[in-house]
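Numbering (the working numbering), first residue to last: 15 to 61.
For every residue, glycine included, the Cβ atom is placed at its ideal position computed from N, Cα and C.
Here the structure is a predicted model, which is why all the values come from computation and not from measurement.
Let me begin by presenting the structure, written as structure tokens, before commenting on it.
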């Protein structure tokens with residue numbers, strides 16, 4: 015995740031460290047889900 019996104023999250027959550035960590039974890043896990051979904055769609059299109 016880029017530093018600019020992390021800084022935007024920090025500003026939005028008023029620099030609450032615990033909340034920042036939870037949001038970053040959620041974002042990373044969602045990126046993994048999107049990658050899996052996109053991979054499945056690409057496999058179907060290639061066939």
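Collapsed DSSP secondary structure at residue i in the structure displayed
i	result
residue 49	helix
residue 42	helix
residue 28	coil
Whether residue i touches residue j by CB criterion (7 Å)
i	j	result
residue 33	residue 27	yes
residue 37	residue 23	yes
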